[in-house]
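Structure first, commentary second.
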Amino acid sequence: HPLLLISLRRTDNDPASLGISIGTRCGNAVRRNLIKRRIREAFRLLQHEAPPGVDLLVVIKPHPPLPMRDYQSRLRQLILA
């Protein structure tokens, strides 16, 4: 699994927010930005499933870029686990 999810509970009940951490070992800037864009879009489509009042941090391990649909299914597994 190239994604690691860390969650932190907040005191408010606002919608979940997303942070992304990706290192230079994941490739050049073009590749890292592609991965980040796909993860942000996957989260946007899933944010109604995330519990309110949490901050989510996605730590990305080195891997070749996946299709957005794969990121969406992996994020869903991590958020609902």
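Using our numbering, you'd call the opening residue of the sequence shown number 87 and step up by one each time.
Virtual Cβ for every residue (Gly too), placed ideally from N, Cα, C.
What you are looking at is a predicted structure, and each value in this text was computed from that prediction instead of being measured.
Can you have a look at residue i and say buried or exposed, based on whether 16 or more other CB atoms are within 10 angstroms of its CB?
i	result
L120	exposed
L161	buried
Who pairs with residue i in a beta bridge, going by DSSP?
i	result
D141	L94 and S103
I146	L89 and I108
Relative to the C-alpha of residue i, which residue among the options is closest?
i	options	result
I125	H134, S107 and D100	S107
P137	L90, Q163, H87 and A102	A102
K122	P88, I165, D141 and E135	P88
F129	N99, L94, R95 and D156	D156
CB-CB under 8 Å to residue i, same chain, minus the five flanking residues each way: which ones, in chain order?
i	result
T97	G139
L132	Q158, L161, R162 and I165
Could you pull out every residue in the same chain whose Cβ sits closer than 6 Å to the Cβ of residue i, ignoring the five residues on either side in sequence?
i	result
P148	R111 and C112
L143	I92 and G105
V145	L90 and S107
Next item on the list: For the region 104-129, list the beta strand (DSSP E) runs that are entirely contained and at least 3 residues long, ordered along the chain.
Entry: none
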